[in-house]
Amino acid sequence: MSSNVIIYPLGAGQDVGRSCIIVKIFDKTIMLDTGLHMGKQDKQKYPDFEKLVPENEKETVKQQQKEKQKDIYNKYVDLVLISHFHLDHCGALPHFTEIHGYSGPIYMTTPTKALLPYMLEDCRKVLSEQNKDKHKKYLDEKERKKLEKHRMNQLKPEEERKINENSEDEDEQDINLFEKVFDQEDVKRCFKKTSTIQLHETVEVDGIKIKAYYAGHVLGACMFLIEYKQTTVLYTGDYNSNADRHLGAAYIDKVFPDVMITETTYATTIRDSKRERERNFLQQVQETIDKGGKVLIPVFALGRAQELCILLETYWNRVKNRVPIYFSAGLIEKANFYYKLFVNWTNENIKANYLTENMFNFKNITSFDKSLMRANTPMVLFATPGMLHGGTSVTVFKEWCHEPKNTLIIPGYCVPGTLGNKLLSGNKNINMDGKKLDIQMTIKNMSFSAHADAKGILGLIRHCEPKNVVFVHGEKGKMEILKKNVEQQFNIPVFMPANFETAKIKIEKGPLEELYTNQEVPKDRFISGTLTKKLKLDKMKKHSETQQKLNILDQLDISNNQNKNKMEIEEEQNQDQNGYFNEKSHLYNYYYHFEPNENFSQEPQQIETVQLAKLNYMIPIKKDILLQNLKINDDINWNENVVNHLKQIYIRLINKHQETKNQAEQYEKLPKLHIFANKYLLVEVQDNIIEETSKILDLKQKQEQNEIIKKQIKIIYVIIQKYIQKNQSEQ
1 MSSNVIIYPL GAGQDVGRSC IIVKIFDKTI MLDTGLHMGK QDKQKYPDFE
51 KLVPENEKET VKQQQKEKQK DIYNKYVDLV LISHFHLDHC GALPHFTEIH
101 GYSGPIYMTT PTKALLPYML EDCRKVLSEQ NKDKHKKYLD EKERKKLEKH
151 RMNQLKPEEE RKINENSEDE DEQDINLFEK VFDQEDVKRC FKKTSTIQLH
201 ETVEVDGIKI KAYYAGHVLG ACMFLIEYKQ TTVLYTGDYN SNADRHLGAA
251 YIDKVFPDVM ITETTYATTI RDSKRERERN FLQQVQETID KGGKVLIPVF
301 ALGRAQELCI LLETYWNRVK NRVPIYFSAG LIEKANFYYK LFVNWTNENI
351 KANYLTENMF NFKNITSFDK SLMRANTPMV LFATPGMLHG GTSVTVFKEW
401 CHEPKNTLII PGYCVPGTLG NKLLSGNKNI NMDGKKLDIQ MTIKNMSFSA
451 HADAKGILGL IRHCEPKNVV FVHGEKGKME ILKKNVEQQF NIPVFMPANF
501 ETAKIKIEKG PLEELYTNQE VPKDRFISGT LTKKLKLDKM KKHSETQQKL
551 NILDQLDISN NQNKNKMEIE EEQNQDQNGY FNEKSHLYNY YYHFEPNENF
601 SQEPQQIETV QLAKLNYMIP IKKDILLQNL KINDDINWNE NVVNHLKQIY
651 IRLINKHQET KNQAEQYEKL PKLHIFANKY LLVEVQDNII EETSKILDLK
701 QKQEQNEIIK KQIKIIYVII QKYIQKNQSE Q
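Heads up: the sequence shown begins at 1 in full-length UniProt numbering, then just goes up one per residue.
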């Protein structure tokens, strides 16, 4: 079977900003993000949603918009997914829902939804101010032309003058220069249309399955795995492959998507070490305040603001610095509140110490008042927005830029067209409010961007193993360099469509893949097996499709399972240097397969190895349970059945320990769990694969495995005893 996936960017195609990627799979159209472009003016700020409408329907749609119909675009878009709350990814959402008319399903994570109204309201204020300024300039220019026309008219003969005075003034016509800006009510109505999805939750919308994964870019940022009619698309949004001071690294299952759409903001950049960047940043701040200067750090309210506030707070406490640190009041304060509220989205260090030390309670950082702008004392100011395209950061920059002892530190990416981008390009010939700025202050770019660099992008591709890759959210020249690299390293097609260009990707499904993805596995059941990649599928072509289908159906027949009172333990400890499948961040690292009827009071006895690829019950035990002081976790229902299951694991581990202790040289590697096509359905392990696997294992590995099993025995035994003691005390 073959299908086509259509990728059509309305924004972020060979560009950064205005992210809006249209994905068409069979009869479904999915919109991935709907953002603003901070470096553009008027209508160019927004994605051109009208491109979704066929030519013969555009007049009808315009009439429907005038009548303010609510569901105009529902026939053109089936689902909208918002990856995170940055305005270049969500800023045009109320424009799409309230002005263009879309009332269909919209999904995002809970933190994103919580912060969305504040981000959109802040955006609305900035856009409204810009519109007022442009309108004033337009009216001033219009008045100037009118006076000039009147003066020239006075020089003409009287009869001709009367004709000109009675003629229509073209300047008086409404030329509709200004795009309508959504208002507060639009934001509220838009907010009510959104729904939430949790990490690792699968939601089905009209046959489309979506699953969210942690992206690490900002609070609530996620990747989306989309599946429809056996075709899978992974959209990364913005992601960070490395943990920072307040968020963890991106992590995701090995999902093998048909198409992977990835950001490429830093497609050709390999960042220096985090420690060196932090040292250089602190040194620059210290040097500036030592000479009596002021430090302006433009940031977005969420993300780098918290990262750098934590860094400076820690440094200030260590050196006992008394120089004031400020942040522009309002949105950052709300942001810090939500970071505390959603602390479970932060990194392991913050979560572990949250009760004793809340990293977001800044003692050295206070709110900024504009009356402090002209104070003749050193200070550090975090001001929004991060690209200096308006707001407090621009106001303060205009006030401080003429002083040589002051410093501007830009910690993130600035899109072309913004003041930040011009300054980073070395352009100091800046005119604002009709005046040329005398820029004398030091300007530094110190990247604390929460985007993956080239190494991180390649690492994610290597981990997910997509069949096709699509580049978005990057600059064309840099994309082309990375494209060659990916094609050479992974031998897969890479697409990089520009805005309003179509990438048509043909997806071929082999007979084996069709068979596996068509199987419906009961929700509470899993099939155990071994890691199955495309190479191993090729080895199975000698079997007929009919026989394979019978094998799979036999595995799914629970009533025919002849292995009662047997169980298999599988340990999944995949680690990736980039953190995508990292033992600290991955939600489920241990999977246990068992039958629940073993009597725990019986003496441990030798249990035969379970036949591979047979259906068994499975319960995921969070690694937190095993590693973090054996604390009972509310996420698991600690009922009697679960404890019985743990008892089964305990017995199985004792038997496995005895087996490996006595016959280490004959120890077979335990089969790995592999999620295939997101169905937990695996092929039966072939004899030749088992032989190849066993050859790899040496005695040292077997002994190490035995040590792991011994530790697991102790841990699970303590958990069971704790539960028994708890029950006895309650009774």
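Idealized CB from N, CA, C, for every residue including glycine.
Fair warning: this is a prediction, and the values are worked out from it, not measured in the lab.
In this structure Arg279 is exposed. Its beta-carbon is surrounded by fewer than 16 other beta-carbon atoms within 10 angstroms. Bounds of any beta strand (DSSP E) do not take in Gly412, whose DSSP letter is neither H nor E.
CA-CA distance, Asn485 to Ile22, rounds to 26 Å.
Minimum Cα-Cα distance from Glu129 among the listed residues Ala250, Ser449 and Gly391 corresponds to Gly391.
Taking the Cα positions, Tyr338 is about 34 Å away from Tyr228. With distances taken between CA atoms, Tyr73 lies nearest to Ile99 out of Ile99, Cys90 and Phe85. When DSSP states are grouped into helix, strand and coil, Thr288 belongs to the helix group. Beta-carbon to beta-carbon, Tyr235 and His217 are separated by about 13 Å, too far to satisfy the 8 Å threshold. If you look at Leu81, you'll find it in the beta strand (DSSP E) that goes Leu79 to Leu81. For the 9 Å CB-CB criterion, Tyr326 and Ile289 do not form a contact.
Distances from the CA of His37 to each of Gly13, Thr29, Ile30 and Thr60 were compared; the closest alpha carbon is that of Gly13. Assignment of beta-bridge partners to Pro111 by DSSP yields no partner. For Asn56, there is no enclosing alpha helix (DSSP H), as DSSP gives it neither H nor E. Secondary structure note for Ile25: its beta strand (DSSP E) is the uninterrupted segment Cys20 to Ile25. Cβ atoms of Val77 and Met119 stay farther apart than 8 Å, at about 22 Å. As a beta-bridge residue in DSSP terms, Ile261 pairs with Tyr235 and Val470. Within its own chain, the residues whose Cβ lies closer than 6 Å to the Cβ of Asp244, once the five positions on either side in sequence are excluded, are Glu307, listed in chain order.
Under the DSSP assignment, Cys222 falls in the beta strand (DSSP E) whose first and last residues are Cys222 to Tyr228. When the five nearest sequence neighbours on each side are left out, the beta carbons in the same chain lying within less than 6 Å of the beta carbon of Ser449 are those of Gly412 and Tyr413, in order along the chain. Assigned with DSSP and collapsed to three states, Lys43 falls in helix.
By the Cβ criterion, the stretch 81 to 88 is in contact with the stretch 199 to 218, since at least three pairs of Cβ atoms, one from each stretch, lie closer than 8 Å.
The alpha carbon of Gly11 has as its nearest neighbour, out of Cys90, Val5 and Lys28, the alpha carbon of Cys90. The closest CA to that of Asn321, considering only Leu282, Glu67 and Ile457, is found on Leu282. Cα atoms of Leu302 and Ala335: separation of roughly 6 Å, rounded to the nearest angstrom.
By the CB criterion at 9 Å, Pro385 and Thr442 fall outside the cutoff.
For Asn361, the closest of Lys476, Val415, Ile310 and Pro497 by C-alpha to C-alpha distance is Ile310. DSSP, read as helix, strand or coil, puts Gly477 in helix. A Cβ-Cβ separation of about 6 Å places Val469 in contact with Ile492 under the 8 Å criterion. In the DSSP assignment, Ala383 falls within the beta strand (DSSP E) that extends over Met379 to Ala383. Per DSSP, the unbroken beta strand (DSSP E) holding Ser195 starts and ends at Thr194 to Thr196. Taking the Cα of Cys123 as reference, the smallest distance to any Cα among Leu93, Arg374 and Cys401 is reached at Leu93.
Your pair Leu79 and Val233 does not check out as a contact, with CB atoms roughly 12 Å apart and the cut at 8 Å. Residues of the same chain with a CB within less than 8 Å of the CB of Glu480, apart from the 5 flanking positions on each side, are Met496 in chain order. Taking all protein chains in view, the Cβ of Ala352 is surrounded by fewer than 16 other Cβ atoms within 10 Å, so the residue is classified as exposed. Take the alpha-carbon of Ala454 and the one of Lys66: they are about 46 Å apart.
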